[in-house]
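Comments concern the structure below.
Chains as they are written, first to last, in our numbering: chain A, 1 to 334; chain B, 1 to 334.
In structure tokens:
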């Protein structure tokens, strides 16, 4: 059914408060999930809520914790997330970094022991709203095989970059896997085959069967280069956050394990550079106006599609599967 | 002909000194070019030298300048390269950052008005040798089309990441284009067609003709994601370094224009994190030992191939085209 963002936010928030989540934390966590829905990213939307509730009930997610920071340099912090909600720990880290970024120019926080942070775009947009450049990376369970390999050894290891442009911000949010496991699940649910370059099965053979892919491994995006980038994220995050490597990571997709992946966030003050946002919007407009391969599909800039989907969903509502709506409504009643 | 790295370094250095380049600068610039040759990257090797000499003669490259730094934050500098040699300005920036990184945790330098910095791996390896994580990005002339576009609007915008592991370092060095223009030139020289997903011709049509591709545009690597990443590099560098956007960039491939691209380098002290290099080498060894798609080609880690090629070339010599050898030998005699 179609529901409004406001209504969905309200029942999601209530479901969290019913688990003793601090009201401000519930508001933030619900906002993150609804923003993912609005952008057409249901895999990071309210379908995550029932599992998060289960994690709160199991003591794997803490309803109040915001993370304990240790300053390891004038411009660097490491944060023990104390099993807090991902967006709660992350947004506190961003506040902390935003306070020092103007003086430092660049600042870094590395987070371990926090729950799933969801859609990364949310955080780099928060940086941009503060007039700052944001770079966020996070790790996950082993889902991706190395280039030339066939076993799931890396996380989907997304990276997001947000840059103020003076107009609509540049917002890039990409997993370093060819597709998300969410998309493969969707193919499995609808019984649609997947392209043969998305994934391998448990035996390491390329497969078009989404069920077989679920027990195998997803390909990295962009072959050797994308693999290299995803591995770079894996190592940077593990080294700095002190989190686990993908084969040992648990707790972002289950309600059994403590979340032992890591996250890093870097904020840069554009004022520490020579140009700031001057001329960025004009250059992006030149890109958008440049000759398209298909005249009916103009060249886009990362962030354009998300913004368009968000506007539409705000006007038309969010299309939620009935059983999921029922489940969240029931959870909101405690 | 096969030449030794030592001999090639010597004549390259002499050719630079003959143009009044300070001996220490000549040593560094020659070392960068020879290291690219050793790694099997001739497009960034001594074939760049004659053009660089022409730039020195034309006053577009300064033989002594090392760059003038302005501190814009406790952990941030912008650097006017004063038309200095790329590696000279870059290595001074790295020394400057390396001096503050242990106290800051993270530090950033943004460079404009310096010449071509060549193979990025060189700089992140220099960071790793100092026990630091290095991230380097640079921009270039417009050579790459946007995803869904057909005009050259972006640079090849490479990104490099170096991470100490306690054993062989992780060294990623990737252009965000599908291939280098150097590779397309090589196909043109040898009259070999290129795969049809590498580039478009001047009219925006996919082409297998390397000559046509030279006047067209190269595809981004990894489709929309790689395009987004390359555009992120374009914007980050331009915003921070205050350098030009790709369509206005000149001076890395010619001997006519001042080099107005930009470079950024970020150093991070692993000691500002929780894990440092602990466990990184063991995880990478697990990757290398994981099941390969083709048993005769084991899974590799970025940096492995470069190191193997370098060892072989140190033992066997560097295969240099005779005319290029002749040209450099002549230049070395002033």
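Cβ atoms here follow ideal geometry from the backbone N, Cα and C, with glycine treated the same way.
For the segment 117–147 of chain B, the residues whose beta carbon sits under 9 Å from a beta carbon of chain A are, in order, 133, 135, 145, 146 and 147.
Of all residues in the segment 76–90 of chain A, only 76 and 78 come within less than 7 Å of chain B when Cβ atoms are compared, listed by chain position. Residue 310 (chain A) is positioned such that its CB atom lies no closer than 8 Å to that of residue 56 (chain A). Under the 8 Å Cβ criterion, the segment 317–329 of chain A does not count as touching the segment 224–243 of chain B, having fewer than three qualifying pairs. Ranking B:111, B:42 and B:227 by CA distance to the CA of residue 272 (chain A) puts B:111 first. Take the alpha-carbon of residue 299 (chain B) and the one of residue 290 (chain B): they are about 7 Å apart. Within the segment 159–213 of chain A, the alpha helix (DSSP H) runs of at least 4 residues that lie entirely inside it are, in chain order, 181–190.
Proximity of residue 33 (chain B) to chain A, defined by a Cβ-Cβ separation below 8 Å, is not satisfied. For residue 103 (chain A), the chain B residues whose C-beta falls within less than 7 Å of its own C-beta are 73 and 74, listed in chain order. Contact between residue 106 (chain B) and residue 268 (chain B) holds: CB atoms are separated by about 5 Å, below the 8 Å threshold. A Cβ-Cβ distance of about 7 Å is found for the pair residue 201 (chain A) and residue 213 (chain A), placing them in contact under the 8 Å criterion. Short of 7 Å from the beta carbon of residue 27 (chain B), and not among the five residues preceding or following it, lie these beta carbons of its own chain, in chain order: 13. Note that the C-beta distance between residue 145 (chain B) and residue 153 (chain B) is below 8 Å.
DSSP places residue 261 (chain A) outside both helix and strand once states are collapsed to three, so it counts as coil. Proximity of chain A to residue 163 (chain B) at the Cβ level (cut-off 8 Å) is accounted for by 232, 235, 236 and 239, in chain order. The three-state reading of DSSP puts residue 71 (chain A) in strand, counting E and B together. Counting every other CB atom within 10 Å of its CB across the protein chains shown gives residue 45 (chain B) a total of 16 or more, marking it as buried.
Taking C-alpha positions only, residue 320 (chain B) is separated from residue 286 (chain A) by approximately 42 Å. For residue 9 (chain B), the enclosing alpha helix (DSSP H) covers residues 5–17. Excluding sequence positions up to five before and after residue 33 (chain A), its CB lies within less than 8 Å of the CB of 12, 44, 45, 46, 48, 49 and 118, all in the same chain and listed in chain order. Per DSSP, residue 306 (chain A) is one residue of the alpha helix (DSSP H) stretching across 304–316.
Residue 62 (chain A) sits in a strand when the DSSP states are folded into three classes. Between residue 265 (chain B) and residue 93 (chain B), the C-beta gap is smaller than 8 Å, which places the two residues in contact.
Annotation: residue 46 (chain B) is outside any alpha helix (DSSP H) and is labelled neither H nor E by DSSP.
Pairing residue 133 (chain B) with residue 108 (chain B), the inter-Cα distance amounts to about 12 Å.
Contact check for residue 170 (chain A) against residue 3 (chain A) fails: the beta carbons are separated by 8 Å or more. Here residue 216 (chain A) has 199, 200, 201, 202 and 207 as same chain residues with Cβ atoms under 7 Å from its own Cβ, once five neighbours each way along the sequence are excluded.
In summary, residue 24 (chain B) is exposed, with fewer than 16 beta-carbon neighbours lying within 10 Å of its beta-carbon over all protein chains present. Comparing alpha carbon positions, the residue from A:10, A:59 and A:31 closest to residue 20 (chain A) is A:59.
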